[in-house]
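Residue numbers for the sequence shown follow this note's numbering, beginning at 381 and rising by one.
Remarks on the structure that follows.
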Amino acid sequence: MEITRTPAEMQETAGRLRRDGFRIGFVPTMGYLHEGHLSLVRASKERTDKTVASIFVNPAQFGPNEDLDRYPRDFERDLDMLASAKCNIVFAPTNDGMYPEGNRTFVEVTGLQDGLCGRTRPGHFRGVATVVTKLFNAVQPHVAFFGQKDAQQAAVIRRLVRDLLIPVDIVVCPIVRESDGLAMSSRNIYLSPSERAQAPVLNRSLLEARAMFDGGEKSAGALAHRIRDILATADLGSVEYIEIVDRDSLEPVTELARPALVALAVYFGKTRLIDNIVLGEKGK
Ligand code: PAF
Numbered sequence: 381m382e383i384t385r386t387p388a389e390m391q392e393t394a395g396r397l398r399r400d401g402f403r404i405g406f407v408p409t410m411g412y413l414h415e416g417h418l419s420l421v422r423a424s425k426e427r428t429d430k431t432v433a434s435i436f437v438n439p440a441q442f443g444p445n446e447d448l449d450r451y452p453r454d455f456e457r458d459l460d461m462l463a464s465a466k467c468n469i470v471f472a473p474t475n476d477g478m479y480p481e482g483n484r485t486f487v488e489v490t491g492l493q494d495g496l497c498g499r500t501r502p503g504h505f506r507g508v509a510t511v512v513t514k515l516f517n518a519v520q521p522h523v524a525f526f527g528q529k530d531a532q533q534a535a536v537i538r539r540l541v542r543d544l545l546i547p548v549d550i551v552v553c554p555i556v557r558e559s560d561g562l563a564m565s566s567r568n569i570y571l572s573p574s575e576r577a578q579a580p581v582l583n584r585s586l587l588e589a590r591a592m593f594d595g596g597e598k599s600a601g602a603l604a605h606r607i608r609d610i611l612a613t614a615d616l617g618s619v620e621y622i623e624i625v626d627r628d629s630l631e632p633v634t635e636l637a638r639p640a641l642v643a644l645a646v647y648f649g650k651t652r653l654i655d656n657i658v659l660g661e662k663g664k
């Protein structure tokens, strides 16, 4: 597995791979990898010839009071995991490499960045859209893989490549869960044992919403009400939002007439967990 440290070096490698006719798959990450990330590497390996994974904790997507300094990091472990998954190239740039002195250019996907998580994390999706654009320019992938767990991020990236005519196919892969249903996240490590024991309530509430929807309930208000009741059974949790929105525009819906994203953010102590489910998709 090759390790690339600078955007220029990465661009040179990508150019060589493209000239040699390889299709490049890209898995952007902030490291501290888990099975969810590895599922993206596997998806990339199935569909492309060479897989690049990036490891970069992007300062631009953390607010001033967020966990940038304590965000979990273990570069050697990440490399071992990527090597076992047969990732071909790791791109691990520095802050200076990605944000050279005097950096003044940012990317915004207006509208999509402001609701849901964007409401309490102003600037977060501007940071994500900016770094993903830079990473795409460095890695020059044909296809990029993102997890459905960050559903708003996936919607932002899909719109970004469409609006800016970026020639990268975006593949969004299913949420990978622990055996008790908790969606995998690098931040799960922050949970205390008692918080961890209650955290699967997010998934339970979403499964109940799916059961109600499958039973004919199409009112967003009724589904949200039931979700809130189930979340309330976890006394250590504090709900930030329960939202039912159009999957692509992220606009709130009142009736689930077309595929809708049911998205949650719940605090356990200082740890903010998100989870979601899409209702009304064909074949699900
Ligand atoms: O999903 C993440 O880990 C990050 O938001 C991403 C896409 C790597 C950008 O920093």
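Even glycine gets a Cβ: it sits at the ideal position worked out from N, Cα and C.
Please read these numbers as outputs of a predicted model, since none were measured by experiment.
Taking the beta carbon of lysine 514 as the centre, do at least 16 other beta carbons fall within 10 Å, making it buried, or is it exposed?
Lysine 514 should be labelled buried.
Using the beta-carbon of each residue, find all residues closer than 6 Å to any heavy atom of the ligand PAF and list them in chain order.
Those satisfying the condition are, in chain order, Pro408, Thr409, Met410, Asn438, Gln441, Val508, Val511, Val512, Asp530 and Gln533.
Methionine 461 and leucine 413: beta carbons closer than 9 Å?
Against a cut-off of 9 Å, the Cβ pair of leucine 413 and methionine 461 comes out as a contact.
In the DSSP assignment, what are the bridge partners of asparagine 669?
Because residue 669 is not part of the residues shown, which for the chain are 381 to 664, the question remains open.
If you reduce the DSSP assignment to three classes, tell me which class proline 580 lands in.
Correct three-state label for proline 580: coil.
Give me, in chain order, the residues of the same chain whose beta-carbon lies closer than 6 Å to that of alanine 589; leave out the 5 immediate sequence neighbours on both sides.
Cβ neighbours of alanine 589 beyond the five flanking positions: Leu603, Ile607 and Val642.
Rounded to the nearest angstrom, how far is the Cβ of leucine 397 from that of valine 407, given a contact under 8 Å?
About 15 Å; that fails the 8 Å criterion.
What are the boundary residues of the beta strand (DSSP E) that includes lysine 425?
Run containing lysine 425: none in the beta strand (DSSP E); it sits in the alpha helix (DSSP H), 415 to 427.
Counting only runs of 3+ residues fully inside the stretch 506 to 557, write out the beta strand (DSSP E) ranges in chain order.
Complete beta strand (DSSP E) runs here, min 3: 523 to 527 and 549 to 553.
With distances taken between CB atoms, is the gap from alanine 640 to alanine 600 smaller than 9 Å?
Yes, Cβ-Cβ distance for alanine 640 and alanine 600 is below 9 Å.
I'd like to confirm the pairing. Which residues does DSSP put opposite glycine 617 in its beta bridges?
Note: glycine 617 sits in a beta bridge opposite Phe648.
Select from Gly443, Val523, Phe526 and Gly561 the residue whose C-alpha is nearest the C-alpha of arginine 506.
Measuring from the Cα of arginine 506, the nearest candidate turns out to be Gly443.
According to DSSP, what are the bridge partners of lysine 430?
Partner(s): Ile404.
Do glutamine 441 and valine 508 count as a contact pair if the criterion is CB distance below 9 Å?
Taking 9 Å as the Cβ cut-off, valine 508 and glutamine 441 qualify as a contacting pair.
In the DSSP assignment, the beta strand (DSSP E) including glutamate 382 goes from what residue to what residue?
382 to 384 is the extent of the beta strand (DSSP E) around glutamate 382.
Can phenylalanine 455 and alanine 472 be called in contact, C-beta distance under 9 Å?
Closer than 9 Å, so yes.
Using three-state DSSP, classify aspartate 494 as helix, strand or coil.
Correct three-state label for aspartate 494: coil.
Whose C-beta lies closer than 6 Å to the C-beta of arginine 538 among residues of the same chain, with five residues either side of it excluded?
The residues are Ile550.
Measuring only the C-alpha atoms, how far is glycine 395 from leucine 586?
Going from the Cα of glycine 395 to the Cα of leucine 586 covers about 44 Å.
Among Asp615, Ser565 and Val523, which one has its Cα closest to the Cα of aspartate 429?
Answer by Cα proximity: Val523.
Assuming leucine 544 contacts leucine 644 under a Cβ cut-off of 8 Å, what Cβ separation, rounded to an integer in Å, is found between them?
Not a contact, Cβ separation roughly 30 Å.
Can you grab the Cα-Cα spacing for the pair valine 658 / asparagine 483, in whole Å?
If I take the Cα positions, the gap works out to 37 Å.
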